[in-house]
Amino acid sequence: MTFPHVRPRRLRTTPAVRRLVAEVSVEPRQLVLPMFVRDGIDAPLEISSMPGVVQHTVDSLRAAAEEAVREGVGGLMLFGVPDDADKDAEGSVAWNPDGVLNRGLRALREDLGDATVIMADTCLDEFTSHGHCGVLDAHGRVDNDATLERYALMGVAQADAGAHMLGPSGMMDGQIGVLRSALDSAGHQDVSLLAYTAKYASPFYGPFREAVGSSLQGDRRTYQQDAANRRESLRELELDLAEGADIVMVKPAMSYLDVLADVAAASPVPVAAYQISGEYSMITAASQNGWIDRDAAIRESLLSIRRAGADIVLTYWATEAARWLNRGTW
Ligand code: PBG
Numbered sequence: 007m008t009f010p011h012v013r014p015r016r017l018r019t020t021p022a023v024r025r026l027v028a029e030v031s032v033e034p035r036q037l038v039l040p041m042f043v044r045d046g047i048d049a050p051l052e053i054s055s056m057p058g059v060v061q062h063t064v065d066s067l068r069a070a071a072e073e074a075v076r077e078g079v080g081g082l083m084l085f086g087v088p089d090d091a092d093k094d095a096e097g098s099v100a101w102n103p104d105g106v107l108n109r110g111l112r113a114l115r116e117d118l119g120d121a122t123v124i125m126a127d128t129c130l131d132e133f134t135s136h137g138h139c140g141v142l143d144a145h146g147r148v149d150n151d152a153t154l155e156r157y158a159l160m161g162v163a164q165a166d167a168g169a170h171m172l173g174p175s176g177m178m179d180g181q182i183g184v185l186r187s188a189l190d191s192a193g194h195q196d197v198s199l200l201a202y203t204a205k206y207a208s209p210f211y212g213p214f215r216e217a218v219g220s221s222l223q224g225d226r227r228t229y230q231q232d233a234a235n236r237r238e239s240l241r242e243l244e245l246d247l248a249e250g251a252d253i254v255m256v257k258p259a260m261s262y263l264d265v266l267a268d269v270a271a272a273s274p275v276p277v278a279a280y281q282i283s284g285e286y287s288m289i290t291a292a293s294q295n296g297w298i299d300r301d302a303a304i305r306e307s308l309l310s311i312r313r314a315g316a317d318i319v320l321t322y323w324a325t326e327a328a329r330w331l332n333r334g335t336w
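Here the sequence shown is numbered in my numbering, starting from 7 and rising by one per residue.
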């Protein structure tokens, strides 16, 4: 009998040696917390499709943001949920300074100053009566270039409200370039762009539809990417870089770790990944049924996204995971 001399198991023998040789880790500063602020409510509302996540009032938003910052999270990504009565075909409440998203941004910047990175979702889907990420043409198709004009208005309003960074998530061609020049012309040269570079059309956004009270009928397949395509994301990366993206992002995370690895290998700028609503809800639901160990599944999912190459992870567990890391219970 010959026994092996090379024994990879030696480096797995104790928690201490495993910790010593871990290739990647997660730090609070790498985590960004997506948050929802809703108009016209006087107490936070549970999102039933995302147990543990709420639509905030401006007051509860402030408190949750402060808690996240206390735990050292790297940033906050804010989404707005307007009153249905304020939605129109253009989504114009998105660039109204008194619209709920801009009020939320102003409150966060007032409280937190530069203590964290305040990010704004720059997309029309929460604000349009039809739920699409842009305005429609006479045939009901999403009109790319007409949408860009609205993104420019929205982005400048968000920067005026105090956002440090914009996250254009609508997948319109040219959105990074248009936002860059609109921000620059408005004197917001220092406001940066977190580009949704590779964003795939996905059923895993399902729970988010409830989170933002989306009015969408149908799907976003004429603007978001097709799940069959991998190298297309490198083309999107090239374009976003040429247009001035400061950070690039891949979304969803778990079904697109190959795309994330490709983008991370090619990108000269920091890379983010978004662990989306469906990823959150699947782990939550399976653990509520007693089928998987919730905390271990969260840790593994975050590590896998880091291992694939993300510098930054947007996750609804940002505050909780940061707390584990800070208290040594990771
Ligand atoms: C669009 C947007 C979506 C998400 C973030 N921005 C929904 C979509 O594209 O359909 C999804 C986030 C998540 O599912 O957690 N503005």
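Glycine is no exception: its CB is placed at the ideal position from the N, C-alpha and C atoms. What you are looking at is a predicted structure, and each value in this text was computed from that prediction instead of being measured.
Comparing the CB of residue 175 with every heavy atom of the ligand PBG, is any distance shorter than 7 Å?
It does: the Cβ of residue 175 is within 7 Å (strictly closer) of some heavy atom of the ligand PBG.
Is residue 97 near the ligand PBG, with its Cβ less than 7 Å from a heavy atom?
Checking every heavy atom of the ligand PBG against the Cβ of residue 97, none is found closer than 7 Å.
Where residue 238 falls: helix, strand or coil (DSSP)
In this structure, residue 238 counts as helix in the three-state DSSP scheme.
Which term fits residue 294, buried or exposed, when burial requires 16 or more other beta carbons within 10 angstroms of its beta carbon?
Residue 294 should be labelled exposed.
Residues near residue 95 in its chain [Cβ-Cβ closer than 8 Å; skip 5 each side]:
Shown here for residue 95: same chain residues with a beta carbon closer than 8 Å to its own, the five before and five after excluded, namely 134, 135, 136, 141, 142 in chain order.
Who does residue 52 pair with in a DSSP beta bridge?
In DSSP, residue 52 forms a bridge with 60.
Residues of its chain near residue 1, where Cβ-Cβ distance is below 7 Å and the 5 sequence neighbours each way are ignored
Any property of residue 1 remains undetermined from this structure, which presents the chain solely from 7 to 336.
Identify, in the order they occur along the chain, each residue of the same chain with its Cβ nearer than 8 Å to the Cβ of residue 258, setting aside the five sequence neighbours on each side.
Within the same chain, 206, 208, 210, 211, 280, 281, 282, 284, 285 come within 8 Å of residue 258 by CB-CB distance, once the 5 residues on both sides are set aside.
Pocket of the ligand PBG (residues with CB nearer than 6 Å to any heavy atom), chain order:
Result (chain order): 127, 129, 131, 139, 175, 211, 214, 226, 282, 283.
To test your reading of the DSSP string, which unbroken beta strand (DSSP E) runs of 3 or more residues are found completely within the segment 163-251?
DSSP runs (the beta strand (DSSP E)) wholly in the segment 163-251: 171-174, 198-205.
Compare the C-alpha of residue 39 against each of 310, 278, 302, 108 and name the closest.
When the alpha-carbon of residue 39 is set against those of 310, 278, 302, 108, the nearest one is in 278.
Assuming residue 236 and residue 264 form a contact by the criterion Cβ under 8 Å, report the distance between their Cβ atoms to the nearest whole angstrom.
Contact holds; Cβ gap of about 6 Å.
Once DSSP output is grouped into helix, strand and coil, what is the label at residue 119?
In the structure shown, residue 119 sits in coil (DSSP, three-state: anything other than H, G, I, E or B).
Beta-carbon spacing of residue 55, residue 132 below 8 Å:
In this structure, the beta-carbon distance from residue 55 to residue 132 does not fall below 8 Å.
Should residue 101 go down as buried or exposed, given a rule of 16 or more other Cβ atoms within 10 Å for buried?
Flag for residue 101 reads buried.
Which residues bound the beta strand (DSSP E) around residue 280?
Counting along the chain, the beta strand (DSSP E) containing residue 280 begins and ends at 277-280.
Just to confirm, is the Cβ distance from residue 320 to residue 251 under 8 Å?
Taking 8 Å as the Cβ cut-off, residue 320 and residue 251 do not qualify as a contacting pair.
Going by other Cβ atoms of all chains shown within 10 Å of its Cβ, with 16 needed for buried, is residue 297 buried or exposed?
By the 10 Å Cβ count, residue 297 comes out exposed.
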